[in-house]
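The sequence shown begins at -3 in the working numbering and counts up one residue at a time. Using N, Cα and C, we set each Cβ at its ideal position, and we do this for glycine too.
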Amino acid sequence: MTYREIAEKEDVLLCVGDCGLAGSHEKGWSNPSRGTVHWRDRRITRMGLRRFLMLVAAIKHSHNRGQPKWLQVYEQNSYAYHRALSEYRVRLSRKLSQTDRANVRYWMGKDRVLGKPENRSVAQWAMERD
Ligand SMILES: [Zn+2]
């Protein structure tokens, strides 16, 4: 499997440096209005697949861009986790989302939404321990 094949399966365009911003492709970024993931082609790792799928999620969920950051990051993680498992038979370990979970806990606390019943599944995910 290559990132090109994954991009095809995810129905996004892939730029591996032709945009002229090649340096930015290491971490990768996505352009939701064009449906393009900018990414340096490389051997696939769990960490890379997760990051790539999160960039895909940012495109697929671009209608949610007005959402608070904690919800966006949660949805990107959720998409990456479920998609990796169902489409690519890769289980992404909890450890990989450690930093995102800590950030989401912090952002939710700051927004005072951690205890709200409608955010329960997000809060539970954010509170998971490794
Ligand atoms: Zn590019």
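Going by C-alpha to C-alpha distance, which of the options sits closest to residue i?
| i | options | result |
| --- | --- | --- |
| W25 | T41, V8, S89 | V8 |
| D90 | W103, G13, D126 | The amino acid at residue 90 is misidentified as Asp; the sequence shows Arg. Nearest option by C-alpha distance: D126. |
| R79 | R42, P64, R97 | R42 |
| R97 | R108, L81, Q68, S82 | Q68 |
| R38 | K23, S82, L81 | K23 |
| N99 | M(-3), P113, N73 | N73 |
| S93 | I40, R47, L81 | R47 |
Could you check whether residue j and residue i sit closer than 8 Å to each other, using their CB atoms as the reference points?
| i | j | result |
| --- | --- | --- |
| M123 | R101 | yes |
| E71 | H57 | yes |
| W66 | V118 | yes |
| V33 | L17 | no |
| W35 | Y(-1) | yes |
| L45 | Y75 | no |
| A162 | P28 | A question about residue 162 goes unanswered here, because the residues of the chain that appear run from -3 up to 126. |
Quick check on residue i: does DSSP put it in helix, strand or coil?
| i | result |
| --- | --- |
| S29 | coil |
| H57 | coil |
| L17 | coil |
| L130 | An answer regarding residue 130 cannot be provided, because it is not within the stretch -3 to 126 covered by the chain. |
| L81 | helix |
| L9 | strand |
Near residue i, what residues of its chain come up, given a Cβ to Cβ distance below 8 Å and the 5 sequence neighbours on each side ignored?
| i | result |
| --- | --- |
| M104 | W66, L110, N115, V118, A119, A122 |
| R30 | L9 |
Can you list, in chain order, the residues of its chain whose CB lies under 6 Å from that of residue i, leaving out five sequence neighbours each side?
| i | result |
| --- | --- |
| T77 | Thr is not the amino acid found at residue 77; the sequence shown has Tyr there. Cβ within range, chain order: L88. |
| E6 | V52 |
Got a sec? Which residues, its chain only, sit under 7 Å from residue i by beta carbon, not counting five neighbours each side?
| i | result |
| --- | --- |
| S20 | H34 |
What is the chain-ordered set of residues for which the beta carbon lies under 5 Å from any non-hydrogen atom of ligand 1? C11, C15, H34
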